[in-house]
Amino acid sequence: MFLLAPILIVIITSFSADQFMQFPPSGWSLRWYVTFFEDERLMNGLLLSTGLALVTAAVAGTVGSMAAFALTRMKSRYGELIRSLHTAPLITPGVVTGLAMLIFFSTLGLRGSFLALVVGHVVLSIPFVVLIVVAGLQSFDKSIEEAAVSLGASRPVAFITVTIPAVKTSVISAAVFAFLNSFDEVVVTLFLPGPRTKTLPVAMFEYIQHNLDPLPAAISTVLIGIAMLVVFATARFGTIGRLMGQRV
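Each residue of the sequence shown is one higher than the last, beginning at 206 in my numbering.
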């Protein structure tokens, strides 16, 4: 309840009929949801956030998974150092990372571009992908892949037909986590957007600075709903996938 209480308060407040944000509400209304869906700037932010999160999930999921595969098979004495470097974005404060990206992309003349947002979000999401996929690979019995090789399969074929299917749940989970991480990221994103590349969390943050009505609560509830939908859909997909595999 301690963890869920803030979420429940936000959801309840989003249905308030009051002009200013307060809890509990004195009346109930859907006016703030109507305001949200009729606001072109906020809807553009929602579309941008969704598209950015999808691209981030695809890129970070692919690159991070490849890095995880390489790290688990690396035999170099610098392996632990390289693994530690992959967690650097998790350790570095978001403000520092955002400032560094601001300087970098401003130097390249890319500040405010969609590419800058993609690169920034991919950098922030790759550590999560690496950690999740590495955990899946470490629980994978490599003798199964070796058995496929001993039966005549080449290393690439054994890797594609044996290893990847065995850890696909970890890869999908990592991609979903990358999507959610990008979808609600705000600290680093504040340093990167231009007039036409403001994500919904950034637009909401700017709105709160000048307004105290329940509209941000309605936006937050929509974000919560989208995140829950993605998680439930992924869980459902995994269940269906396992059932199909058992039938085959």
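C-beta: ideal position from N, C-alpha, C; glycine also.
Opposing strand residues paired with residue 330 [DSSP bridges]: Answer is none; residue 330 lacks a bridge partner.
Every unbroken alpha helix (DSSP H) inside the stretch 366-424 [4 residues or more]: 373-388, 405-413
Residues that DSSP places opposite residue 359 in a beta bridge: Per DSSP, none; premise fails for residue 359.
C-alpha gap between residue 240 and residue 397, whole angstroms: 27 Å
Residue range of the unbroken alpha helix (DSSP H) whose run includes residue 294: 293-296
Residue 325 versus 379, 261, 287, 369, residue with shortest Cα-Cα distance: 261
Helix, strand or coil at residue 232 [DSSP, three-state]: coil
Residue 221 - partner residues in DSSP beta bridges: 233
Reduced DSSP category for residue 314 - H, G, I as helix; E, B as strand; rest coil: coil
Backbone CA spacing between residue 435 and residue 363 [nearest angstrom]: 31 Å
Residue 226 (DSSP reduced to helix, strand or coil): coil
Range covered by the alpha helix (DSSP H) that runs through residue 344: Residue 344 -> no alpha helix (DSSP H), and no H or E assigned at all.
C-alpha gap between residue 232 and residue 287, whole angstroms: 56 Å
Member of 423, 404, 392 whose CA lies at the smallest distance from the CA of residue 222: 423
Beta-carbon gap between residue 383 and residue 299 smaller than 9 Å: no
Identity of the residue in 389, 385, 345 nearest residue 371 by Cα: 345
Contacting residues, own chain, Cβ-Cβ under 8 Å from residue 400 (five flanking each side not counted): 317
The stretch 413-421 touching the stretch 209-229, judged by at least three CB pairs closer than 8 Å: yes
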